[in-house]
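> Can you keep this structure in mind? I'll have questions shortly.
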Amino acid sequence: MDTITPTSLQQRDKAVNWHPYTQMKSADNIIPIVSGKGLYLYDNEGKKYMDVVSSWWVTLHGHSHPYIAQRLFEQLNTLEQVIFAGFTHEPATQLSENLLKLLPDNQKKVFYSDNGSTAVEVALKMCIQYAHNQGKEKTKILAFKNAYHGDTFGAMSVSGKSYWTKPFESRLFEVVFIDTPTPENLQNLQSQIEAIADEVACFIYEPLVQGAAGMLMYNAEDLNTLMKYCRKQKILMIQDEVFTGFGRTGELFAANYLTEQPDIMCFSKGLTGGTMPMGITTSSKAIYDAFWSDDKHKTLFHGHSFTANPLACTGALASMELLLKKETLMNIKRISQQHSAFVKVLTEHPKVENARQIGTILAFDFKTGQGTSYFNEIGKKLYNEFLQREIIMRPLGNVLYLVPPYCISTEELDTVYHNILEVLDLFKD
Ligand SMILES: *Cc1c(COP(=O)(O)O)cnc(C)c1O
């Protein structure tokens, strides 16, 4: 036992915690947060920060929302957990009913898991076994270059190769990566797909926005064309709405921008309003039917200890109730309009490239004449500049973005914009 009693929370943290996506050796400013309320997070010195990245894109209605808290408290005193094999409960069933009503009408079944990565794992297993259950082995999977679908092995396999996945590359399964669609390359993409279509188990994609790659955006129309083509080639489609779901794109789901329907969809992040971890994989009847059999070997042998945890389901029910309120939908619209006006301002700025926006997601590239290693340095510099201004913005390389919770006010958003322009001006030549 250590005889020296650590004093601050920061020191105690350093002694025992290993943080995500963090080089612990150079992690010098980990901030102790003691509470959250609405847009704000409060540190142990009483400083308050605007959380305009929704705590890694999960918070929808602000921190410690009283309605979600109340519902969770009631559920906690009623039923906190039950095995979901052989048992069911009201929160899960109600949530499945409510969610399916909002999705493309071919989505018929809901499979629960714990996070975005597991929602993707389940989706991939459904597609691979879909073929297997029909006596076929399909060895290839299609995905987009620069994709991000999570950090477990299957999810890493279908994510774009980067230094994040480098140490594991030899253990990842075979995936064919294609460019995101543009009017110019669609013909070429179709030829690429046609050549391997028979061997492809599924195509997985982030619809309209590639989040972790740096908020890269592409057109609904082009995705529609690509989806139509995959349908024609009988390639199953997994639409990963882990990030885009629950209003981020200005519509409830990215699916609302599309006329084509995927076979499978993945959800997490905003699903519970950011209060509880949970993942959902939904499927069409055709997928479900491929597992419906007297032959036990055709079962989907997948499950997590906390599958459909009643608390997480209740958090999701409460959050979705708030999301569908007129006031919230108006807020989403208001933020989208305000962003759209600010994009025009950003476009004029000499340090900004590719200012872009869809709904409540706004992003731009910080212009540097330098190579990629400089990008990381500049990311850290910008992050610290904003922290000093009590704004939490976590750049992805040289990409700065806003993904605010829907409770942010017009004035608060204006304050953030104002600070962005001030910080950009610091770097003006
Ligand atoms: C974040 C993310 C995931 C992974 O979710 P986790 O809950 O972090 O495992 C998967 N897909 C997309 C599109 C994401 O943005």
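Mapping to the working numbering: the sequence shown position 117 is 176, numbers consecutive. Yeah, the Cβ is synthetic: ideal placement off N, Cα and C, and Gly gets one too. Since we're looking at a predicted model, the values are computed, not measured.
Secondary structure at Asn390, three-state DSSP: helix, strand or coil?
Locating residue 390 in the sequence shown gives position 331, where the first residue counts as 1. Correct three-state label for Asn390: helix.
> Cα separation between Ala371 and Gly329?
Locating residue 371 in the sequence shown gives position 312, where the first residue counts as 1. Locating residue 329 in the sequence shown gives position 270, where the first residue counts as 1. Straight-line Cα distance between these residues: approximately 12 Å.
> Am I right that Phe262 and Met296 are in contact with their C-beta atoms under 8 Å? What's the rounded C-beta distance?
The count along the sequence shown starts at 1 and reaches residue 262 at position 203. The count along the sequence shown starts at 1 and reaches residue 296 at position 237. About 5 Å; that satisfies the 8 Å criterion.
> Would you tell me roughly how many angstroms separate the C-alpha atoms of Thr147 and Val141, rounded to the nearest one?
Reading the sequence shown from its first residue, position 88 is the one you call residue 147. Reading the sequence shown from its first residue, position 82 is the one you call residue 141. Roughly 8 Å between the two C-alpha positions.
> Measure the alpha-carbon distance for Lys204 versus Lys410 and round it to whole angstroms.
Numbered from 1 along the sequence shown, position 145 holds the residue referred to as residue 204. Numbered from 1 along the sequence shown, position 351 holds the residue referred to as residue 410. Using only the alpha carbons, I get a separation of about 27 Å.
> Would you identify the three-state DSSP class for Phe445, choosing helix, strand or coil?
What you label residue 445 is simply residue 386 of the sequence shown in a count that begins at 1. Helix at Phe445.
> Give the single residue among Asn247, Thr239, Pro240 and Thr211 whose Cα lies nearest to the Cα of Arg230.
As a first step, residue 230 must be located in the sequence shown, where it is residue number 171. Comparing Cα positions, the closest option is Thr211.
> Between the C-alpha atoms of Glu53 and Glu471, what's the straight-line distance to the nearest angstrom?
Residue 53 falls outside the range modelled here, since the chain spans only 60 to 488, and no answer is possible.
> Can you give the beta carbon distance from Phe401 to Tyr465, rounded, assuming they're within the 8 Å contact cut?
In the sequence shown, residue 401 corresponds to position 342, counting from 1. In the sequence shown, residue 465 corresponds to position 406, counting from 1. Not quite, the Cβ-Cβ distance comes to about 17 Å (not below 8 Å), so this is no contact.
> Suppose contacts are defined by Cβ-Cβ distances below 9 Å. Is Val169 in contact with Thr341 by that definition?
Numbered from its first residue, the sequence shown carries residue 169 at position 110. Numbered from its first residue, the sequence shown carries residue 341 at position 282. Result yes, Cβ atoms of Val169 and Thr341 sit closer than 9 Å.
> Quick one, which of Leu359, Arg130, Val217 and Ser85 has its alpha-carbon nearest Glu436's?
Indexing the sequence shown from 1 puts residue 436 at position 377. Among Leu359, Arg130, Val217 and Ser85, the Cα nearest to that of Glu436 belongs to Ser85.
> What does DSSP give as the partner residues of Arg262 in its beta bridges?
Indexing the sequence shown from 1 puts residue 262 at position 203. Reading off the sequence shown, one finds Phe at residue 262, where the question assumed Arg. Bridge partners of Phe262: Leu201 and Met296.
> Between the stretch 265 to 276 and the stretch 186 to 194, can you find at least three pairs of beta-carbon atoms closer than 8 Å?
Too few Cβ pairs lie closer than 8 Å, so no.
> How many angstroms separate the CA atom of Asn136 from the CA atom of Gln129?
What you label residue 136 is simply residue 77 of the sequence shown in a count that begins at 1. What you label residue 129 is simply residue 70 of the sequence shown in a count that begins at 1. Using only the alpha carbons, I get a separation of about 11 Å.
> Quick one: does the C-beta of Pro409 sit closer than 8 Å to a heavy atom of ligand 1?
Walking along the sequence shown from the start, residue 409 turns up at place 350. No; taking the cut-off as 8 Å, the Cβ of Pro409 has no heavy atom of ligand 1 nearer than that.
> With distance defined between alpha-carbon atoms, name the residue in Lys73, Pro321, Glu149 and Glu380 nearest to Met83.
Stepping through the sequence shown from its first residue, residue 83 is reached at position 24. The residue with the shortest Cα to Cα distance from Met83 is Lys73.
> Could you give the C-beta distance for Phe486 and Leu459, rounded to a whole number, given that I count them as a contact under 8 Å?
Start at 1 with the first residue of the sequence shown, and residue 486 comes out as number 427. Start at 1 with the first residue of the sequence shown, and residue 459 comes out as number 400. 12 Å between Cβ atoms; not a contact.
> Hey, Thr419 and Val462 are a contact pair by Cβ (cut 8 Å); roughly how many whole angstroms apart?
For this step, residue 419 is matched to residue 360 along the sequence shown. For this step, residue 462 is matched to residue 403 along the sequence shown. The pair is a contact, with the Cβ atoms about 7 Å apart (cut-off 8 Å).
> For the alpha helix (DSSP H) holding Ala377, just list the boundary residues, first then last.
Taking the sequence shown and counting its residues from 1, one reaches residue 377 at position 318. Note, Ala377: alpha helix (DSSP H), Pro369 to Leu382.
> Going by Cα to Cα distance, which pick from Leu275, Ile90, Glu228 and Ser123 is closest to Glu412?
In the sequence shown, residue 412 corresponds to position 353, counting from 1. Closest option to Glu412, Cα to Cα, is Leu275.
> Do you know whose CA, among Arg393, Leu483 and Ala377, lies nearest Ser123's CA?
Indexing the sequence shown from 1 puts residue 123 at position 64. Among Arg393, Leu483 and Ala377, the Cα nearest to that of Ser123 is on Ala377.
> Using three-state DSSP, classify Asp353 as helix, strand or coil.
The residue you call residue 353 lines up with position 294 of the sequence shown. Asp353: coil per DSSP, three-state reduction.
> Are the beta-carbon atoms belonging to Glu481 and Met109 less than 9 Å from one another?
The residue labelled residue 481 in the question sits at position 422 within the sequence shown. The residue labelled residue 109 in the question sits at position 50 within the sequence shown. Contact flag unset, no.
> Have a look at Gly338 and Asp488 and give me their C-alpha separation to the nearest angstrom.
Along the sequence shown, read from residue 1 onward, the residue named residue 338 stands at position 279. Along the sequence shown, read from residue 1 onward, the residue named residue 488 stands at position 429. Their Cα atoms are separated by approximately 46 Å.
> In chain order, what residues of the same chain have a beta carbon less than 8 Å from the beta carbon of Glu196, not counting five sequence neighbours either side?
Along the sequence shown, read from residue 1 onward, the residue named residue 196 stands at position 137. Taken in chain order, the residues that qualify are Ala190.
> Among Glu139, Leu183 and Gly209, whose alpha-carbon lies nearest the alpha-carbon of Lys199?
Residue numbering aside, residue 199 sits at position 140 when the sequence shown is read from its first letter. Closest by alpha carbon: Leu183.
> At the level of alpha carbons, what is the spacing between Arg71 and Ile89?
As a working note, residue 71 is residue 12 in the sequence shown. As a working note, residue 89 is residue 30 in the sequence shown. Distance between the alpha carbons of Arg71 and Ile89: 11 Å.
> What alpha helix (DSSP H) runs, 4 residues minimum, are completely inside the stretch 79 to 129?
With a minimum length of 4 residues, the continuous alpha helix (DSSP H) runs that stay inside the stretch 79 to 129 are 113 to 116.
> Please classify Phe326: does DSSP put it in a helix, a strand, or coil?
Indexing the sequence shown from 1 puts residue 326 at position 267. Phe326 falls in the strand class under three-state DSSP.
> Cutting at 6 Å between CB atoms, please list the residues of its own chain near Lys357, excluding the five before and the five after it.
Within the sequence shown, numbered from 1, the residue matching residue 357 stands at position 298. Once the five neighbours on either side are set aside, the close Cβ partners of Lys357 are Asn192 and Phe350.
> Helix, strand or coil for Asn278? Go by DSSP, reduced to three states.
To locate residue 278, count along the sequence shown from 1; it is residue 219. Three-state DSSP puts Asn278 in coil, outside helix and strand.
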